[in-house]
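Protein chains in written order, with the working numbering: chain E, 5 to 490; chain A, 795 to 1026.
Okay, here's the thing in structure tokens:
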């Protein structure tokens, strides 16, 4: 069984198919062979019987017989003769070109032999078991026996004492060689074997081709899989479109790899961008430290400037770290801790932070109606903080920044509006991409991490909401998000 | 070196902390540094002023560094350009160099290496403008042959003493703290007592016969400074 399982699927299918084909051919042709043989023998027996019947009747029941024209009729007496007296002519009449005859009495003693020439072989004595059956009155006893390496069909016909009488005087044995039947059967067998061989060959070749074509797709997929596992995600099976099972499997496989490759690519880009974002603060830190160590440490003004810059970069690094962690945390929805948030109360608290962050700007709140939303309070605060931070960095000091909420069908809409320089239309489709940097001007020293909007979008979507941006260059930007109401 | 040949560098970079340390650090090394935070302002500055080297960042808010480089070369400027970027892919470096940049450094880079590359670029483009012989009163120091003579008499200095004297002669009047001397001569990773500086300065004074004239002067509780004309 183990070596069977070691074979390829193709070899197994082909050999299974061939095995079944062979078995059915074997059964069918075997059955047909035996049946034809039986039929031929049966026919021979019937023919012999038909030949023998009038002869026997003529000798045993001369009055009844209508066969007066036969050769024997002339000297047959009209009364029922004694068996011994008619045995010899009866045997001779029963013997023909291809049959031999024996007449036996009730004790199995040979009374007469139909043999005419001495060199002709004598017919064998009957098999005692069959002989007893014939004596018991069974009319049609025939069997096959082997004599001198040749098959003989032997018929035993009980000889009755008169028409309709039960008494049996003896038995006539008629035998014929089965060589002609055997010859026909050999020919028939050869034809059967030829047909079987041709069928098996044709079946084997078609099965091999059919299964090969069918499994070719699988082999191609295995090959592609290996290439992919070696790291080449651009590989595809690319089977010509068949509507069969393997074709649809290949399609599904290609589609899956497509998705995986896209995910990998975006992951790779994300990591590359993250590394790039880490490099800039690291460069600033390393350079500032080297400059300090090389002598700037002796100048208090330079020390202040450089350490302030370093402090800014360290803050940026920690912010970046936190936002990266937040993003990974958002991938698992169970990390969202939803609770009922009263927006009135939430914004009251947030406005205090907002006025600190936007101390150079005029931050105002447009309150909406009382509403409870189901949201993670900390995450909501983080989103608002990121949006406000963007608004502050992209508008001049003294300008107005408006926060607010209002009800729309089934949702509450929360927005942050600034009157800064706006976002150029070509940047708009990309601003939610991680680390995307547009050409917009940044006021002040503080650089963003490039993850604020990405994070905001992820949080809003994790709450089942949507985030949108409207911006007109020179006029300002409105970032709004919808949270579902239950 | 504190002569009329102060080199002028232009830094085109939008990260404030990076421009801060570059202008401070390069200023300390004796360069005049101008900063442009956008590609366009950098191009405008170059139209108006002469620079010896341009340090060019690639990720700029308006036009990127590659484009700045291409436009400069298209206008026929031959000023050496040293590109600074966080992009590490070879194609980026090749693009930069093919567009006419002379050298390339990836962030985060070592400031010392940046200085070395700037010196190399200056040597290549300005020929042998920088002299290898430093002179202060009757002391002559040759940075190439590493010979020191005082009034024609050769003085045999150890490498540390030579480096100390070279630093002093390159920056006359500047006061170096013992920490700075330790960092610059012994390296940032040297961990040890600053007394070693005093020991070597003392040996140096002995060897160049500085005892009576006092060109290397001790500033108490601060460090040392070098006065070519002797202690005032």
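For every residue, glycine included, the Cβ atom is placed at its ideal position computed from N, Cα and C.
_Let me confirm a value: residue 9 (chain E) is counted as buried when at least 16 other C-beta atoms fall within 10 Å, else exposed. Which label applies?_
Counting from one through the first chain, the residue named residue 9 (chain E) turns up at place 5. Note on residue 9 (chain E): under 16 other CB atoms within 10 angstroms of its CB, so exposed under the neighbour-count rule.
*Is residue 164 (chain E) buried or exposed, if buried means 16 or more other CB atoms sit within 10 Å of its CB?*
Indexing the first chain from 1 puts residue 164 (chain E) at position 160. Under the 10 Å beta carbon count, residue 164 (chain E) is surrounded by 16 or more other beta carbons and is classified as buried.
*Just mark residue 983 (chain A) as buried or exposed, buried being the case when its beta carbon has 16 or more other beta carbons within 10 Å.*
To locate residue 983 (chain A), count along the second chain from 1; it is residue 189. Answer is exposed; the Cβ neighbour count stays below 16.
*Is residue 1019 (chain A) closer than 8 Å to residue 969 (chain A) when the C-beta atoms are compared?*
Taking the second chain and counting its residues from 1, one reaches residue 969 (chain A) at position 175. Taking the second chain and counting its residues from 1, one reaches residue 1019 (chain A) at position 225. Cβ atoms of residue 969 (chain A) and residue 1019 (chain A): closer than 8 Å.
_Alpha-carbon to alpha-carbon, residue 125 (chain E) and residue 93 (chain E)_ = Numbered from 1 along the first chain, position 89 holds the residue referred to as residue 93 (chain E). Numbered from 1 along the first chain, position 121 holds the residue referred to as residue 125 (chain E). If you take the alpha carbons of residue 93 (chain E) and residue 125 (chain E), they lie about 19 Å apart.
_Own chain, CB closer than 6 Å to residue 320 (chain E), minus 5 neighbours either side, in chain order_ = By 1-based counting over the first chain, the position of residue 320 (chain E) is 316. The residues are 285.
*Just mark residue 259 (chain E) as buried or exposed, buried being the case when its beta carbon has 16 or more other beta carbons within 10 Å.*
Residue mapping note: residue 259 (chain E) aligns to position 255 of the first chain, counting from 1. By the 10 Å Cβ count, residue 259 (chain E) comes out exposed.
*Compile a chain-ordered list of the residues in the region 289-301 of chain E whose CB is closer than 9 Å to at least one CB of chain A.*
Taking a C-beta cut-off of 9 Å against chain A, the contacting residues of the region 289-301 of chain E are 289, 290, 291, 292, 293, 294, 295, 296, 297, 298, 299, 300 and 301, listed in chain order.
*Measuring only between beta-carbons, confirm whether residue 319 (chain E) sits less than 8 Å from chain A.*
Working through the first chain from its first residue, we reach residue 319 (chain E) at position 315. Not closer than 8 Å to any Cβ of chain A, the Cβ of residue 319 (chain E) fails to qualify, so no.
*Classification of residue 888 (chain A) by the beta-carbon crowding that lies within 10 angstroms, buried from 16 upward*: The count along the second chain starts at 1 and reaches residue 888 (chain A) at position 94. Within 10 angstroms of the beta-carbon of residue 888 (chain A) lie fewer than 16 other beta-carbons, which makes it exposed.
*Report the neighbours of residue 964 (chain A) on chain E: residues whose CB is nearer than 7 Å to its CB, in chain order.*
Taking the second chain and counting its residues from 1, one reaches residue 964 (chain A) at position 170. Neighbours of residue 964 (chain A) across chain E, judged by C-beta separation under 7 Å, do not exist; the nearest C-beta is about 12 Å away.
*Per DSSP, which one or two residues make a beta bridge with residue 100 (chain E)?*
Start at 1 with the first residue of the first chain, and residue 100 (chain E) comes out as number 96. Bridge partners of residue 100 (chain E): E:103.
_DSSP bridge partner residues for residue 370 (chain E) (one or two, in chain order)_ = The count along the first chain starts at 1 and reaches residue 370 (chain E) at position 366. Residue pairing from DSSP places residue 370 (chain E) in a beta bridge opposite E:408.
*To the nearest whole angstrom, what separates the beta carbons of residue 898 (chain A) and residue 295 (chain E), a pair I think is in contact under 8 Å?*
On the second chain, residue 898 (chain A) is found 104 positions in, with the first residue counted as 1. On the first chain, residue 295 (chain E) is found 291 positions in, with the first residue counted as 1. In fact, because the Cβ distance is near 21 Å, the residues do not count as touching under 8 Å.
*Of the choices E:414, E:33 and E:440, whose alpha-carbon is the least far from that of residue 200 (chain E)?*
Numbered from 1 along the first chain, position 196 holds the residue referred to as residue 200 (chain E). The residue from E:414, E:33 and E:440 with its alpha-carbon nearest to that of residue 200 (chain E) is E:33.
_Buried or exposed (CB count within 10 angstroms, at least 16 for buried), residue 438 (chain E)_ = Locating residue 438 (chain E) in the first chain gives position 434, where the first residue counts as 1. Burial call: buried.
*Residue ranges of each alpha helix (DSSP H) within the region 249-280 of chain E, 4 or longer*: The region 249-280 of chain E contains no whole alpha helix (DSSP H) run of 4 or more residues.
_Cβ-based burial, residue 317 (chain E) [other Cβ within 10 Å; buried from 16]_ = Residue mapping note: residue 317 (chain E) aligns to position 313 of the first chain, counting from 1. Buried.
_Check whether chain A comes within 8 Å of residue 286 (chain E), counting only Cβ atoms and requiring the distance to be less than that._
Position 282 of the first chain, counted from the start, is the residue given in the question as residue 286 (chain E). So, interface residue.
_Runs of 4 residues minimum, wholly inside the region 121-149 of chain E: which ones carry the alpha helix (DSSP H) assignment?_
Runs of the alpha helix (DSSP H) inside the region 121-149 of chain E: 132-139.
*For residue 283 (chain E) and chain A, any beta-carbon pair shorter than 8 Å?*
Taking the first chain and counting its residues from 1, one reaches residue 283 (chain E) at position 279. Under the 8 Å criterion on CB atoms, residue 283 (chain E) is classed as interfacial with respect to chain A.
*Would you mind telling me which residues of chain A sit closer than 8 Å to residue 310 (chain E), beta carbon to beta carbon, in chain order?*
Here the question's residue 310 (chain E) lines up with position 306 in the first chain. Going along chain A in sequence order, the residues near residue 310 (chain E) (Cβ under 8 Å) are 814, 815 and 818.
*Using a beta-carbon distance cut-off of less than 8 Å, what residues from the region 210-222 of chain E approach chain A?*
Residues: none.
*Which whole-angstrom value is the C-beta distance of residue 310 (chain E) and residue 292 (chain E), which I expect to be below 8 Å?*
Position 306 of the first chain, counted from the first residue, corresponds to residue 310 (chain E). Position 288 of the first chain, counted from the first residue, corresponds to residue 292 (chain E). Confirmed, about 5 Å.
*Which class does residue 384 (chain E) belong to by DSSP, given the choice of helix, strand or coil?*
Here residue 384 (chain E) is taken as the residue at index 380 of the first chain, counted from 1. The answer is helix: DSSP assigns residue 384 (chain E) an H, G or I state.
*Give every residue of the same chain whose Cβ lies closer than 6 Å to the Cβ of residue 375 (chain E), excluding the five residues on either side of it in the sequence, and list them in chain order.*
For the purposes of this step, residue 375 (chain E) is taken as the residue at position 371 of the first chain. Spatial neighbours of residue 375 (chain E) in its own chain (CB-CB distance under 6 Å, excluding positions within 5 residues in sequence) are listed in chain order as 347 and 416.
_For residue 896 (chain A) and residue 810 (chain A), what's the separation of their Cα atoms in angstroms?_
Translated into the one-based positions of the second chain, residue 896 (chain A) becomes position 102. Translated into the one-based positions of the second chain, residue 810 (chain A) becomes position 16. Whole-angstrom Cα-Cα distance: 24 Å.
*Run down chain A in chain order and give the residues with a C-beta less than 9 Å from the C-beta of residue 365 (chain E).*
Your numbering for residue 365 (chain E) matches position 361 in the first chain. Under the 9 Å cutoff, chain A gives no residues; its nearest Cβ is about 20 Å from residue 365 (chain E).
*Within the same chain, show all residues whose beta-carbon is closer than 7 Å to that of residue 192 (chain E), passing over the 5 residues directly before and after it, in chain order.*
Against the first chain, residue 192 (chain E) aligns to sequence position 188. Result list for residue 192 (chain E): 37 and 40, in chain order.
*Mind the definition here: the region 468-476 of chain E touches the region 265-272 of chain E only if three or more C-beta pairs lie below 8 Å; say whether that holds.*
The region 265-272 of chain E and the region 468-476 of chain E do not touch, with fewer than three beta-carbon pairs separated by less than 8 Å.
*Measure from the C-beta of residue 402 (chain E) to each C-beta in chain A and report whether the shortest distance is under 8 Å.*
For this step, residue 402 (chain E) is matched to residue 398 along the first chain. Residue 402 (chain E) is outside the set of residues whose beta carbon lies under 8 Å from a beta carbon in chain A.
*Exposure of residue 134 (chain E), with buried meaning 16 or more beta-carbon neighbours within 10 Å*: For the purposes of this step, residue 134 (chain E) is identified with residue 130 of the first chain, where counting begins at 1. With 16 or more Cβ atoms within 10 Å of its Cβ, residue 134 (chain E) is classed as buried.
*Beta-carbon separation (whole angstroms), residue 121 (chain E) vs residue 114 (chain E), contact threshold 8 Å*: To locate residue 121 (chain E), count along the first chain from 1; it is residue 117. To locate residue 114 (chain E), count along the first chain from 1; it is residue 110. Going by Cβ atoms, the distance from residue 121 (chain E) to residue 114 (chain E) rounds to 18 Å, so no, they are not a contact pair.
*Examine chain A for any beta-carbon lying closer than 8 Å to the beta-carbon of residue 278 (chain E), and answer yes or no.*
Along the first chain, one-based indexing puts residue 278 (chain E) at 274. Not closer than 8 Å to any Cβ of chain A, the Cβ of residue 278 (chain E) fails to qualify, so no.
*Please determine if the region 1008-1022 of chain A and the region 954-970 of chain A are in contact, where contact requires at least 3 C-beta pairs separated by less than 8 Å.*
Cβ pair count under 8 Å is three or more, so yes.
*Within 8 Å (strictly less), CB to CB, does residue 822 (chain A) reach chain E?*
Looking up residue 822 (chain A) in the second chain gives position 28. Taking Cβ atoms only, chain E reaches closer than 8 Å to residue 822 (chain A), which makes this a yes.
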